[in-house]
Every structure is written in C-alpha cells, then in structure tokens.
Amino acid sequence: MEIVLSADEEQSKTEISNMTITEFILLGFSDVPHIQWMLFGIFLLMYLTILMCNSTIMLITRMDPALQTPMYFFLSNFSFVEICYVTVTIPRMLMDLCTQKGTISLLSCAVQLCFVIMLGGMEFLLLTVMAYDRYVAICNPLHYPLVMNNKVCVQLVASCWISIIPVVTGQTYQIFSLPYCGSNKINHYFCDIPPILKLACGDTFVNNLAIYVASVVFIMVPFLLILVSYGKIICNILNLSSAGGRSKAFSTCSSHLIVVVLFYGTATITYAQPKSNRSESMGKLLSLFYTILIPLLNPIIYTLRNKDIMVALRKLQTKLSTYGNS
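Positions 1 to 326 (UniProt numbering) are the ones given, in order, by the sequence shown.
Printed below as a string of structure tokens:
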C-alpha cells in the first residue's frame, strides 16, 4: 500500500532535509551509560600518565648530555607530538563523559579533525625520519656525525611539518565544504573522518579518493621507506662478526620497530579498510587503540628497552632526591 504525503508534509520534510547543520553531537560512550564514570577515571589516569611519561622523556633528552644525539632529538619531538595528539582528543572526551552532553560546533569539529589528522601524519613522518637515522647510524657509522648534524635534524623535522600542514588543511576544508543536512549525531568520541563523511548529504567520492591518496602518501610511502631502511639495517647487522655488536644494533632498533608495527597496523585497518567491512563499534575500538593506548605504550617501550634513557632517569631521580633532602 503506497502512502501519499500531502503537499504540506512534503514541504516540511524537504525543509528538514535541507536544514544546514551548525553543530554535531558526539555520542561517545552513550551506549554504556552505567560505566561512564569508571571510563572517566580510567581515561583520566591514562591521559595523565601519557603527559608525565612523554614530558619526562622530553626533559631528560634536553638535560642529559649523553642524550644530545639525533636519535633522542627525534624521540623528543615524537614525544611532543604525542602530547599534542592526545590533548586534542582526550580532554574533550573526558568533558563529554563528565557532562554527558557531547555537543560540538561545526568549527570546533573541523579544528579537532584538522589537528588529529595533522598530528597523526606527523607521527608517521617522524617514525620514517627515525628509521632513516637508524639506517645511517648502523650502515654508515663513520659518516653519521656529518650526515646527521644538528642542522640536518632540524631541517628534517621542519620538512615534516611543512609537508603535512597544507595537505591536512586542504583536506579538512574539503570535508567541511560538504553539505550536512540529515542527522547530526556522530557515533564516535571525537571528530574523525569516517563517521563525519557518513553524515554528509553530498557526493563523497572525491573526499574518499583524497583520503586514499593522502593515506598512500603519508602512510604507505613512509612505511615502504621504513621497510627499505630496515631491510638494509638487518642485512648490515647480520654481516657483523661480533655477536655483541649484533645484539646492540638490534636493541637500538627494536623499540622503534615495535612502535612502527603498532602505529601502521591500526592505521591501515582503520583508514584502508573498505566501508562494507567496517563497523562503527570496531572503528571506535580501534580509535581508542591508536589515540590512547599506543601513546601510553610508546614511552614505556622506549624507556624499558633503552639503557641510556634508564641511566638518565636514575640520574634525574638522584638529582630530585638530593634537591628534596637539601
């Protein structure tokens, strides 16, 4: 039986569908309201731990003369980006858990998305630069001080920022130039690309194409460069005659390699997976992994598997104890 709408009903329906959305509602963890305060406590503790651990790494790499090397310069920059990255998402999520509202303006959503993509892309680029640093250190140790001098290190980090900022800004503008006129509820705890594009009324083919191109440029290409670097590193290590030399070389690379696998694994599943195979709950879970859990694990991985950082931490602890007793 066909239902015929009156002229007034059709006009009303058209007006509703043509209404331009000026704000979104982040649903967050509204599907589990009975544990929201427990989630608030867990995420707050994790956020403070991330801030403390990464700030400590930044502090000791600046203070300890033994850590004034390119490897720790890049690690310090990586820790800074990690702090910024979690600060873009977690405080907002904590506020939504506390107020149980989740309303966010279109502009605030665009700014959050822009910084999430930018800082995430910076992490991938910095991991690539760190792989290149390890390649030069292990495969060309005699030329390492000349190749990786202070000027080159600063230029590498600056080039990462310069290359990512215009691309991300343009992509964000492109996404939020689309018409949003239907539902304004984002089934996520922050403004991410996949859930936002689901709410767009216009054709998102160009946007999805741009996302895949950006993923290739800022995820797959750096990943291939890292693979090439580590392929040469492993070949060089295996050719070392000393077992101690091989063990030391592997230990300096293992932490970085673990972080690379974690980052690229979750990013590939999240952004390269076809839409038909992606559920909203799984996307939210993966987002928790790469926005909170990995930033929490990174400083732990680097400190527990790095003797130089452990020594620097003991020195810092001794200085603080001496200062406290004086």
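Note that beta-carbon positions come from the ideal geometry of N, C-alpha and C, so glycine has one too.
Nearest residue (CA-CA) to residue i, options the options
i	options	result
K232	L48, D133, Y85, P299	D133
I50	C109, I292, R92, I35	I292
N236	L224, F250, L225	F250
T20	L178, I294, V213	L178
Y302	I35, F74, V228, F43	F74
T169	I117, M95, S76	I117
H34	Q100, I25, T56, D64	Q100
D192	S255, G120, N150	G120
residue 337	M38, A267, I60	No information on residue 337 is available, as it lies outside the stretch 1 to 326 that the chain covers here.
F205	I175, M46, A243	I175
P140	E82, L156, S229	Here residue 140 is Asn; the residue named in the question, Pro, does not match the sequence. Comparing Cα positions, the closest option is S229.
P222	T128, M122, L320, Q112	T128
I165	F115, M282, V81	F115
S287	T89, L45, M148, Y212	T89
G202	L240, G182, P295, Y144	G182
C84	V152, Y144, M122	M122
I163	L224, A214, N150, L146	Note on identity: in this sequence residue 163 is Ser, with Ile being the wrong assignment. Here the closest residue by C-alpha is A214.
T69	V152, V32, V111, A110	V152
I300	V32, I258, L142, L224	I258
I294	M282, R314, Y264, S281	Y264
Cβ-based burial, residue i [other Cβ within 10 Å; buried from 16]
i	result
A312	buried
Q171	buried
P195	buried
F71	Checking the sequence, you will find Met at residue 71 rather than Phe. The residue in question, M71, is buried, as its Cβ has 16 or more Cβ neighbours within 10 Å.
E10	Caution is warranted here: a pLDDT of 47 is assigned to E10, below 50, making its placement in the model unreliable, and the coordinate value is therefore given only provisionally. Exposed is the call here.
N77	buried
C98	exposed
Y47	buried
Y173	exposed
Y135	buried
I226	buried
L320	exposed
M1	Since pLDDT at M1 reaches only 44, below the 50 mark, its modelled position is unreliable, and the value read off the structure follows with that caveat. Per the 10 Å Cβ criterion, exposed.
C53	buried
K284	buried
A7	The predicted model places A7 with a pLDDT of 49, which falls under 50 and marks its position as unreliable, so this point remains unresolved.
A243	exposed
L113	buried
L156	buried
L91	For the sequence presented, residue 91 should be read as Pro rather than Leu. The residue in question, P91, is exposed, as its Cβ has fewer than 16 Cβ neighbours within 10 Å.
M148	buried
P145	exposed
Within 9 angstroms, strictly: CB atoms of residue i and residue j
i	j	result
S108	T22	no
V167	F218	yes
T252	A137	yes
G102	S30	yes
N298	S79	yes
F124	M93	no
L199	F40	no
A131	V260	yes
L45	D96	no
S255	N306	yes
N208	L197	yes
V81	L126	yes
T266	F289	yes
M63	L316	yes
Y180	G28	no
I57	I211	no
Residues bridged to residue i [DSSP beta-bridge criterion]
i	result
T103	I25
K185	I25
Proximity test, residue i beta-carbon vs the ligand ZN heavy atom, cut-off 8 angstroms
i	result
S76	Questions concerning the ligand ZN fall outside what the structure shown contains, since it holds no ligand whatsoever.
Tell me the start and end of each unbroken alpha helix (DSSP H) in the stretch 189-254 that is at least 4 residues and wholly inside, in chain order.
Whole alpha helix (DSSP H) segments, 4+ residues: 193-197, 205-215, 221-238.
Length-filtered (4 minimum) alpha helix (DSSP H) runs lying within the stretch 43-106
The stretch 43-106 contains these whole alpha helix (DSSP H) runs: 70-99.
Hey, which unbroken runs of the alpha helix (DSSP H) at 4 residues or more fall wholly within the stretch 282-325?
With a minimum length of 4 residues, the unbroken runs of alpha helix (DSSP H) contained wholly in the stretch 282-325 fall at 294-304, 307-325.
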